[in-house]
Structures are given as structure tokens and as C-alpha cells.
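Q: Residue numbers (numbering that gives the first Met the number 0), protein chains in the order written: chain A, 0 to 298; chain B, 0 to 495.
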Amino acid sequence: MYRIVRREEIAPSVTLFEVEAPRIAKRHRAGQFVMIRPLESSERIPLTVADTNPLRGTVTLVVQAIGKTTIELCDNLGVGDSLATIAGPLGNPTHLGLPGKPDDVLGTVVCVAGGIGAAPLLPIVRGLRARGHRVITILGARSANMLVLEAPLQASSSELLVCTDDGTRGHHGFVTRLLADLLSKTWADERPIDLVFAIGPPRMMQACSEATRPFEVPTMVSLNTVMVDGTGMCGGCRVTIGKETKYVCVDGPEFDGHQVQFDEMIRRQGMYVREESRSLELYREHIETGCRAVPQAAE
Amino acid sequence: MPTRAHEPRPRGHDDLRDRITHRNDFKAKERARLPKVEWAEQPAAIRIHNIREVPYAYTPDQARAEAIRCLQCKTEPCANACPVGVDVPVFLHLVAEGDFKGAIREIRKTNILPAITGRVCPQETQCQQNCAVAKVHKDLGFAVSVGKIEAFLADWEREQLGIELPAIAADTGKRIAVVGAGPSGLTCGADLRRLGHAVTIFEAFQKAGGVLVYGIPEFRLPKAIVEAEVDVLRRMGVTFEFDTVIGQTVTVDELFEEGFDAVYIATGAGLPYFMEIPGEQLNGVYSANEYLTRANLMGAYRFPETDTPVLRRDRIAVLGGGNVAMDSARTARRLGAKHVHVIYRRSHAEMPARHEEVKHAMEEGIQFHYLRAPTEILATQDGWARGVRVQVCELGEADARGRRKPIPVAGAFEEIAVEVVVEAIGNGPNPLIPKTTPGLEVTRHGTLVVDPKTMMTARRGVFAGGDIVAGASTVILAMGHGRQAAQAIHEYLQAA
Ligand SMILES: Cc1cc2nc3c(=O)[nH]c(=O)nc-3n(C[C@H](O)[C@H](O)[C@H](O)COP(=O)(O)OP(=O)(O)OC[C@H]3O[C@@H](n4cnc5c(N)ncnc54)[C@H](O)[C@@H]3O)c2cc1C
Ligand SMILES: Cc1cc2nc3c(=O)[nH]c(=O)nc-3n(C[C@H](O)[C@H](O)[C@H](O)COP(=O)(O)OP(=O)(O)OC[C@H]3O[C@@H](n4cnc5c(N)ncnc54)[C@H](O)[C@@H]3O)c2cc1C
Ligand code: SF4
Ligand code: SF4
Ligand code: FES
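#1: At a cut of 8 Å, does the region 221–231 of chain B reach the region 119–133 of chain B through at least three beta carbon pairs?
#2: Could you tell me whether any Cβ in chain B is nearer than 8 Å to the Cβ of Glu284 (chain A)?
#3: Should Ala176 (chain B) be counted as a contact of ligand 4 given a C-beta to heavy atom distance under 7 Å?
#4: To the nearest angstrom, report how far apart Leu112 (chain B) and Leu254 (chain B) are at their CA atoms.
#5: Relative to chain B, which residues along the region 164–197 of chain A have a C-beta separation below 7 Å, given in chain order?
#6: Could you tell me which residues DSSP pairs with Lys245 (chain A) in its beta bridges?
#7: When DSSP labels each residue in this structure, what does Ser276 (chain A) get in the three-state scheme?
#8: Is it the case that the CB of Pro216 (chain B) approaches a heavy atom of ligand 3 more closely than 7 Å?
#9: DSSP on Met455 (chain B), reduced to helix/strand/coil?
#10: Check whether the Cβ of Gln63 (chain A) lies closer than 7 Å to any heavy atom of ligand 1, and answer yes or no.
#11: Kindly indicate the opening and closing residues of the alpha helix (DSSP H) around Ala316 (chain B).
#12: CA-CA distance, Gly96 (chain A) and Pro373 (chain B)?
#13: Could you name each continuous beta strand (DSSP E) segment of 3 residues or more that falls completely within the region 319–371 of chain B, going from the start of the chain to the end?
#14: Considering only DSSP beta bridges, list what Phe196 (chain A) is partnered with.
#15: If you reduce the DSSP assignment to three classes, tell me which class Tyr496 (chain B) lands in.
#16: Does Asn23 (chain B) pass the burial test, meaning 16 or more other C-beta atoms within 10 Å, or should it be called exposed?
#17: Among A:Thr47, A:Pro252, A:Met204 and A:Thr68, which one has its Cα closest to the Cα of Pro37 (chain A)?
#18: Please classify Ala268 (chain B): is it buried, with 16 or more other beta-carbons within 10 angstroms of its beta-carbon, or exposed?
#19: Just checking: is the beta-carbon of Gly382 (chain B) within a distance shorter than 8 Å of some beta-carbon in chain A?
#20: Would you kindly work out how many angstroms separate the C-alpha atoms of Pro165 (chain B) and Leu185 (chain B), rounded to a whole number?
#21: According to a CB-to-CB cut-off of less than 8 Å, which residues of the region 45–67 of chain A neighbour chain B?
#22: Just to make sure I have the definition right: I need the residues of chain A whose C-beta is within less than 7 Å of the C-beta of Pro303 (chain B). Which are they?
#23: Measure the alpha-carbon distance for Pro76 (chain B) versus Met297 (chain B) and round it to whole angstroms.
#24: Quick one: measure Cβ to Cβ for Pro428 (chain B) and Asp398 (chain B), integer angstroms, because I've assumed they're closer than 8 Å.
#25: I'd like to know whether the C-beta atoms of Gly283 (chain B) and Glu418 (chain B) end up nearer to each other than 8 Å.
#26: Cβ of Lys67 (chain A) within 7 Å of any heavy atom in ligand 1?
#27: DSSP three-state call for Tyr282 (chain A): helix, strand or coil?
#28: Taking 8 Å as the threshold (C-beta atoms), are Ala176 (chain B) and Phe259 (chain B) in contact?
#29: Can you list, in chain order, the residues of its chain whose CB lies under 7 Å from that of Glu363 (chain B), leaving out five sequence neighbours each side?
#30: Within the region 25–112 of chain A, note down every full alpha helix (DSSP H) run reaching 4 residues or more, in order along the chain.
#31: Can the beta-carbon of Val300 (chain A) be found less than 8 Å from the beta-carbon of Met203 (chain A)?
#32: With a threshold of 8 Å between beta-carbons, can Ser36 (chain A) be considered close to chain B, or not?
#33: Which word fits Pro1 (chain B), buried or exposed, when buried means at least 16 other C-beta atoms lie within 10 angstroms of its C-beta?
#34: Mapping DSSP to helix, strand and coil, what is Leu160 (chain A)?
#35: What do you get for Tyr282 (chain A), buried or exposed, if any count of 16 or more other CB atoms within 10 angstroms of its CB means buried?
#36: Assuming Ile488 (chain B) and Thr116 (chain B) form a contact by the criterion Cβ under 8 Å, report the distance between their Cβ atoms to the nearest whole angstrom.
Written as C-alpha cells, this is what we have:
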């Protein structure tokens, strides 16, 4: 089950996995995610589905190795291996129309991807284009070698703007800068920006939402809270949207960026920093010494 | 490996042998006066450092000697009060005679999970509630220990013989989809398989058991036991599809398109309620569901050997007074918390938790704060919980259900300093299935409406039971629904 049929390093510490999961491949819509456990001992972690191939019955995941679970996944699993769990598709599909307008009203949508955010953004870009919207994609990363999925984004967007923090490719600077430029340039245009999607690190999504706020351009962000089940039964993924509590896994993962309490969400993401670094430390020791230096548990 | 510990050296063993030898000589009056066979428990000071089961198992002699106390009442008040109608006097008689195999067969006729129900049934409000022996003593504590003997028999069978598979009827060619592998879904699936139908159980998580594996802690119900019972279904030829969220991965309508002839929905009541007081978004605040799922299903009590963490801090508050609150508090103690505070807005007398759980919790050094209604979770500067502010209450008039309501004492507040807060104030049904399945009828509590006889929902061929119908209830009631639905589905399929 859940066999890995393709694996590719697409950037430093970023690995693409194509995994057999026919039911999920058939049902998945842009914006939805899956919960996976790489190994039997693993934590359940959410990952966005970047692509599907319903004919092959596969889904594509793009994973950034940042902690124990993702590093262990990228270190250990290759073609022919299987994931212990992949459950989904979870969350709501992206609404691919303009907010508050009938579906057949077309417009200009700016899609902003920060780093690995390109993966969840790709099916949204494709979906929007398939509906006939004009899509300007802004793809940013720290450095040229960290840009992911540039080619498919280029192919599916009406226009692609690239930027890097260090100027090694495209514009020199943050995605927010490009976004702000676009907003002010088109402000008085005949074809103003109708909608923005921003997906990437929380601070980047927050900055994009702040950039669009004065222009009153609706801005959707995809939140990445800590999750356990992904089906609405633990409440661990709760966030405050406006004044209301919402569960990212069942009410989201996309929300109106102008309503999201980002500072609170970012704080909650750090709830296990101590435990996570301990876990990673032990894993690294294990890699180095070949034995897992884990204290004997109580049973 | 035996899954169950026995007390190192049972006390008073010679008396027990004596009782067994002379079992047929007792007159009813003498019988009713025989002392109850007490079981030993892991001492609190030791058990808070491990997650092993708290009570020790009966030995075979202890079980026999206890069963001899049964008066074999013709009216069977015990069997009548068991939601699945286990024939208690019959199996107790067989135990008294030493025919353990016969006894467990008798139980298994109506109860496929005896190792589980024997441990987690609230016997004091079910089979043991109207026990004639308790009546004689005018003390419920003297009821024949039906649950304890039931668990003994199931353990004995599993360890000595291996669990016996029930007979399975010839294939009917009908296929049934069961949604949710909790006690209700497992029971329904097993019964339908027994009748010769092909059964597939779809489960959202990676493991079967529902609350039995993610909620009820290891020290009350060892997971190896749940696994062994689930394995019986597998050996009977029931198919499991894990990691499948019905409504998301596949809808109920698609199950019919895939060729299933009927669907049983047993998705439980897994949606956690929060109190909706300020401070719930702080770091360190959990629902009991999340806290227990991390600890149990994901094995966080063994972190970092396992990957899923749960916060281990010295001081923790559990809000609520039910069984889930007791489970959370006792789990916290085993996760190393030095001070565990249970905060409950009514008094000890109104507490809904089982008496035994409260007793265990108190022995384990858990502190109870009665008549304290949480009003706010207090924050540190960097957004972590640092305490709970509570409103001091007093008991007012009884409400319509006879429970006395807590009335705030004007201006009286206290603060309890803690680093972790677990809210255990109840669960509701998850709206996922009703949301994605057209044609179901839902109550204002979010539970599914069914015909009480057939357990059929407003949609033909779609049945439901367990907590998704009853709201948060009990393992055995959920199983009772499963049985009832299996029978109804069988009849429905034959008529179809
Ligand atoms: C809806 C959603 C979609 C996501 N899509 C992707 C994706 O397509 N590609 C990708 O690389 N990452 C994605 N993530 C983030 C990914 O889940 C985390 O990077 C991963 O869980 C980190 O686990 P770890 O053990 O490797 O790292 P850890 O060291 O354990 O954690 C690093 C950080 O990741 C977050 N995290 C930890 N555990 C969890 C958890 N159980 N659930 C959610 N977040 C957690 C925390 O903020 C933590 O501080 C997504 C997250 C969400 C909520
Ligand atoms: C902490 C705790 C302690 C308890 N202690 C006791 C006790 O000591 N004694 C007692 O009698 N009762 C106890 N209860 C209550 C008892 O556990 C429940 O009444 C019982 O488990 C209900 O059984 P069920 O089969 O209806 O649902 P559940 O046990 O909740 O099982 C439902 C299953 O369905 C799965 N599911 C949900 N949605 C979907 C979906 N869309 N697709 C696929 N699968 C899905 C869930 O993952 C779960 O495995 C306790 C409850 C809790 C929470
Ligand atoms: S199933 Fe529960 S209620 Fe019924 S006899 Fe056994 S312990 Fe008692
Ligand atoms: S009520 Fe008590 S004494 Fe009577 S048959 Fe049942 S268990 Fe035995
Ligand atoms: S992840 Fe548990 S409720 Fe969302």
C-alpha cells in the first residue's frame, strides 16, 4: 500500500514524492491536504497535495525536511518503499472563483508562493487558469537553488515573476515587494487585481495580507498549524479568524488573510519547539552512532 | 506474553479452596453472606510511575470463589440490566463449577468484546446495580463482581486457548460497509460477518478500536487486549480499510456505487467541546481528546522513543468532573506532573465520574477543587498558560434533572497556578458524515436520527448507531446498537 513510485530532490532539503493512493488521487481538489505517517513510529503530519495523477492513482507531495519526521522521511524512504499512513484528502477545496461573485465572472488573480508554498499553490494556479482567470504568479525563495516548481508554475500561469532574497535570480527582494508593486501599479487600472492567494511561511503570508489590506484586495492564505488527526476531533489546529475559533483541518485550510490572527497562530506553532529539538537531536545521534540513544521508557 | 499481571501472592487462598470444595453445601442465606473476593491493585505510589493496568487479575480460584456468591436469581436482574443481555447467572454458574470454557462461550453469544467490557463497563449502573447479593447487604459494593469475572474469563481464554472463532454462515453474496472501527462498528461488523455477509470496516485512523485506543488510557484498558479482540474480526474474514475518512476519501453514496448493499455509520462522538472562556488559544491548552490521543494512540507517553510529543509539565489543571476528566488527570500524573488539579463546578456528590475512577484518582494524589467554575485561563507574557482563574460557587436549587446547580458567590475568585490545561467538558458528534451525506436527518445536538427498532436512518439502507446516535454514552451501549443494527441489516438484506 501507499508505495512511493517516484522520488526527486528538487531543491536542497526539498524532496518530491509520488505516492500510490488511488482513492485520494481520484477525489483530491486544489487546496486539500493529506495526513501522513512515514513510518509506524512516526507522528501524523499534514502535507498538501501538490499534484495528482488519477490514472496512475498517485498523489505528489513536496516535503521540506525541517524536523524529525520530515528529515526521517527524506532520509529513509525511496522508490519502492511505502508510507505507513496517508489519509485524505482533507480540508476544503479552494474556491476557484472571485469572492462574492458568480463563478463565471473572471478576473485577475495574483498567486504568491514563498519557498515550498509553491507546492500547494500549483494546483490552485492550474485550477484558476482552467476556469479562465488571468493568473500572475510570484515565486520567491531565499536563493536561486531554493526555487521549486518554477517550470510547471511558468507553464500554468499567465505571467510568472521570480524573486530571491539574495538576488541570485529574478528580482532581488521579497515576494511582498513584488506584490506591493503590482498592487500600486494596477490600482487605477482597468484590470485591477481581484484576488490574491499567498502560501508560504506564516510571516510571509502575514506580510502579504498586510500588503493587500490597504488596497482592500481579498487575500486567501493556507494555514499550517500543528495537527493530530486532521478530521476535527482534537481541536489542536484551532486558530482565531476575526473573533471566531476555527479548526484549520475542517474549516480551512484556507482563510481570509485579513482576518487571521497570525501572531497567535505562529506562537501556537512553537508549542513543541523544546520537544521537537530533543527528538531531532536524538535522531541525529542515532544516525551518527548507529544506535538509538533513547532513554528506557516507563513501558 | 500474558497481557495481564497477577497479584504476586494472593491472600486467603486456602479459604477460597475451601469455599470451592463446599460450593454445593451453602444455603442461599450463607451464600449471600460469603465475603466478597477482593482483588489487589498496584499501589498508587508505584503505579503512577508506569502505565500498566491498575487492578490485578483474579486467579482462577478467586474467580470461582467469587462466582459462588451468585444466588442464581430466577428473575435475572443482572442480565436484564446488561445492554447486550449477557446471561450472567448462567455464566457465573459455569465459572463456579470451574467450566471456564463454557462460561466464556456463554458470554460470547452476545458480547464479542468481553475482555474490554469486563474492564470498562460501568457495572455499578448496569449488571451489578440490582444484584440480589447487594440487596441483602444493602450495599452496592457487595454485588457479585460480574465485570471482574468477565474480564478474567476473557483473559483466561486468550492466554490459555486463544480466542475461539464463532461459526460463520455460508457466504450470502451481500456486502456491507461499516464506517468507524469503534466498539459499535466492530460489533456490527462481527455479527454481520457471522451471518455470512462480506464486511469492510472503514476507519479514519491507522488503528481499530475508536475510543478504546485513542481515549481510554492503557492503565485502564491495555491496548494489546484491544488488538487481540480486533484480530478475531480479522480472522473471521472482516476486511479493514484504515486511513480512510468517509465523507472525504469516499462518500456514503460512493460506497453504494462501489457495490455495497448497506452502510452502518458508527463514527462516534469525537468533536471536542471547549468552554469558550478567554485564554483557550494560549500555548499549553488542550482538549481532553487531543491530550489523550497524543498519549494513547500516538504513544506520547514514550516520547522521544515515539515521535509525537505531549507537554510534560509539573502543574496541570483538568477542567470537568466526568470519566474523561479522570482519565486525563491520571494520564497527566503518569506523564510526570507533580500537581494535578481537577476543577469541577459542582460538588463531589454531583460528579458524573464513576466512583471507582474518582477513588483511584484520589489515591494517586490528584487534587480536587469542587464548586469552582473556570472563568479564564491566565497567560504569561509570551503566551503560555500560567493558571486558571475560577469563580467560587455554592450549590443552589436542584434543576429539572435533580442536579443541584452551582451558583456563583459574588466576588469570590481564586487562581490555580498551572502550566497545562486540559478541557474535559464533553464531546459531540463530528459533522463530517451528515455534511457529506444527503438525506440524513440530524437532531439539534448533531446526532443522527434513526428508527429505534431497526437503527435505520432517514436514508434507505443506511443504518447508524453508537455515540453518533446516542451522543456520548458507553462502550456496551454502542455495542448493543451494533448488534441490533446487524440483525436489522440482515433482515433488510434478505427482504431486498
Ligand atoms: C495543512 C498543512 C499543509 C502542509 N503542507 C506541507 C507541504 O506540502 N510540504 C511541507 O514540507 N510541509 C507542509 N506542512 C508543514 C508540515 O506539516 C510540517 O513541516 C511538519 O509537520 C514538520 O514535522 P517535523 O517532525 O519534520 O518537524 P518538527 O521539528 O516536529 O516541527 C517543525 C515545525 O513544524 C510544525 N509541526 C510539527 N508537527 C506538526 C504536525 N503534527 N502538524 C503540523 N505541523 C507540525 C511546527 O510548527 C513545528 O514547530 C503543512 C502543514 C499544514 C498544516
Ligand atoms: C476518554 C474516554 C473514556 C471513556 N471511558 C469509558 C468507560 O470507561 N466505559 C464506557 O463504557 N464508556 C467509556 N467512554 C465512552 C465510550 O468510549 C463510547 O461511548 C464508545 O466508544 C462509543 O463507541 P462508538 O463505536 O459509537 O464510537 P467510537 O469509539 O468513538 O469510534 C468511532 C470510530 O469511528 C472513526 N471515525 C469517525 N469518523 C469517521 C469517518 N468519517 N470515517 C471513518 N471513520 C471515522 C473514529 O476514528 C473512531 O475510530 C469513554 C469515552 C472517552 C472519550
Ligand atoms: S457486558 Fe458489561 S453490563 Fe453486560 S454483563 Fe458484562 S460487564 Fe456487565
Ligand atoms: S442478581 Fe446477582 S445474585 Fe442474582 S443472578 Fe445476578 S449476579 Fe447472581
Ligand atoms: S487536527 Fe485535530 S481538529 Fe484539526
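We treat Cβ as the ideally placed atom computed from N, Cα and C, and that holds for glycine.
A: The relevant details are as follows:
#1: no
#2: no
#3: no
#4: 27 Å
#5: none
#6: A:Val238
#7: helix
#8: no
#9: strand
#10: yes
#11: Premise fails: Ala316 (chain B) lies in the beta strand (DSSP E), Arg314 to Leu318, not in any alpha helix (DSSP H).
#12: 44 Å
#13: 338–342 and 366–368
#14: A:Cys110 and A:Met219
#15: The first residue shown for chain B is 0 and the last is 495, placing residue 496 (chain B) beyond what the model contains.
#16: exposed
#17: A:Thr68
#18: buried
#19: yes
#20: 14 Å
#21: Lys67
#22: Arg277, Ser278, Leu281 and Val293
#23: 41 Å
#24: 24 Å between Cβ atoms; not a contact.
#25: yes
#26: yes
#27: helix
#28: yes
#29: Ala43, Ile47, Arg329 and Arg332
#30: 67–75
#31: Nothing about residue 300 (chain A) can be read from this structure; chain A reaches only from 0 to 298.
#32: Note on residue identity: the sequence assigns Arg, not Ser, to residue 36 (chain A). Closer than 8 Å: yes.
#33: Only weak support exists for where Pro1 (chain B) lies, its pLDDT of 46 falling under 50; the coordinates are left without a value.
#34: strand
#35: buried
#36: Between Thr116 (chain B) and Ile488 (chain B) the Cβ distance is about 22 Å, and since that is not below 8 Å, they are no contact.
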